[in-house]
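Throughout the sequence shown, residue numbering follows this note's numbering, covering 302 to 529 in sequence.
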Amino acid sequence: MSHDFRSSDAGSTLLRQTQPRIFLVGRPGAGKGTQGVRLAQRLGVQYVSTGDVLRKAIEAQTPLGTAIEKVINAGNLLPAELIISLVDSCIEGDGYVLDGFPRTVAQAVAVTSQASSSPPIALEIAIPSNVALERLTHRGRCDDDITIARRRLVVYESETVPMLNYLQSCGLLHRIDGDAPADSVETSIWQRLSVVLGSSHPAPAVPMPACRNSLSETASLFGVVAAG
Ligand code: ADP
Numbered sequence: 302m303s304h305d306f307r308s309s310d311a312g313s314t315l316l317r318q319t320q321p322r323i324f325l326v327g328r329p330g331a332g333k334g335t336q337g338v339r340l341a342q343r344l345g346v347q348y349v350s351t352g353d354v355l356r357k358a359i360e361a362q363t364p365l366g367t368a369i370e371k372v373i374n375a376g377n378l379l380p381a382e383l384i385i386s387l388v389d390s391c392i393e394g395d396g397y398v399l400d401g402f403p404r405t406v407a408q409a410v411a412v413t414s415q416a417s418s419s420p421p422i423a424l425e426i427a428i429p430s431n432v433a434l435e436r437l438t439h440r441g442r443c444d445d446d447i448t449i450a451r452r453r454l455v456v457y458e459s460e461t462v463p464m465l466n467y468l469q470s471c472g473l474l475h476r477i478d479g480d481a482p483a484d485s486v487e488t489s490i491w492q493r494l495s496v497v498l499g500s501s502h503p504a505p506a507v508p509m510p511a512c513r514n515s516l517s518e519t520a521s522l523f524g525v526v527a528a529g
């Protein structure tokens, strides 16, 4: 599988924002999806899940989708360039809650090292590995098979924990205890965020447009041609 980073401005929409840019991170099964949707609604910004974007690409049954499926079903991560390009093409409004991005130091550097109007806020929903494994094996997604789930947790330690350390060293990381009922986690997130954002929020909740499909644009990053 070959890929090269052809789009020189990939990541630009991710940076050009004045409303809050929230990165939700944490182990698989931490509850990022549940909390991300709630948080985006409260803030009135767009919610984007990298996992959902990738699963949509798989459903489209294009060569790109097939290539993505192989990587996900091995419990591995997609190349940073592809993820950045895909996610960037999904950002439509001002401000966002991104679920599952960044996951590696390379991804985090791409969205923090360039000048932007306001610094992003990274929220880690923290749960221990054993809780993650327990939750994943009861969730029933095809990449939640016990062997794949274990692999994803190993990849989390090797790829994502260094990224958390990087964000912490930048002063951008806020850790929330995720081993609690969803409503308590939501309250903790909101309390922390209210402090970080100051009194100018919450903004009114407005429905955001669905992510547009731009797979053909990004297919070349995988060295394949997207159908349709
Ligand atoms: P979870 O957070 O529960 O692992 P997701 O639905 O967010 O699940 O992601 C599913 C899979 O999609 C991951 O295991 C990985 O293969 C891929 N993926 C998602 N986000 C990223 C990312 N930022 N970088 C690389 N791969 C990603």
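Think of the CB as a built atom: it goes at the ideal place given N, C-alpha and C, for glycine as much as any other residue.
| query | result |
| --- | --- |
| When the distance is taken between beta carbons, is LEU437 closer than 8 Å to ASP445? | yes |
| Rounded to a whole number of angstroms, what is the C-alpha to C-alpha distance between ILE447 and LEU434? | 8 Å |
| Using only CA atoms, which one of ILE384, SER414, VAL410 lies nearest to ASP400? | ILE384 |
| Quick one: using the 10 Å Cβ neighbour count with 16 as the cut-off for buried, is SER459 buried or exposed? | exposed |
| Enumerate, from N- to C-terminal direction, the unbroken beta strand (DSSP E) stretches of 3 or more residues contained entirely within the stretch 385-442. | 397-400, 422-427 |
| In this structure, does DSSP put GLN362 in helix, strand or coil? | coil |
| Here's a check: name, in chain order, each residue in its chain whose Cβ is nearer than 6 Å to the Cβ of ALA506, leaving out the five neighbours to either side. | Any reading at ALA506 is ruled out, since the residue's pLDDT is 41, under 50, leaving its predicted position unreliable. |
| Rounding to the nearest angstrom, what Cα-Cα distance links GLN318 and GLY376 in this structure? | 32 Å |
| Which one of ILE373, PRO321, ALA411 has the shortest CA to CA distance from ARG452? | ILE373 |
| Using only CA atoms, which one of GLY332, VAL326, PRO380, LEU316 lies nearest to VAL432? | GLY332 |
| Alpha carbon to alpha carbon, how far is LEU325 from ILE270? Give it in angstroms, no decimals. | Given a span of 302 to 529 for the chain in the structure shown, any question on residue 270 remains unanswerable. |
| Can you give the Cα-Cα distance for HIS439 and GLY330, rounded to whole angstroms? | 10 Å |
| Please report how far the alpha carbon of PHE386 lies from the alpha carbon of ASP478, in whole angstroms. | Per the sequence presented here, residue 386 reads as Ser, with Phe not at that position. The straight-line gap from Cα to Cα measures roughly 31 Å. |
| Which residue from ASP389, GLU370, THR367, LYS371 puts its Cα closest to that of SER350? | ASP389 |
| Please classify ARG317: does DSSP put it in a helix, a strand, or coil? | coil |
| Just list the residues that DSSP pairs VAL349 with in beta bridges. | LEU399 |
| What is the rounded straight-line gap between the Cα of CYS391 and the Cα of ALA409? | 18 Å |
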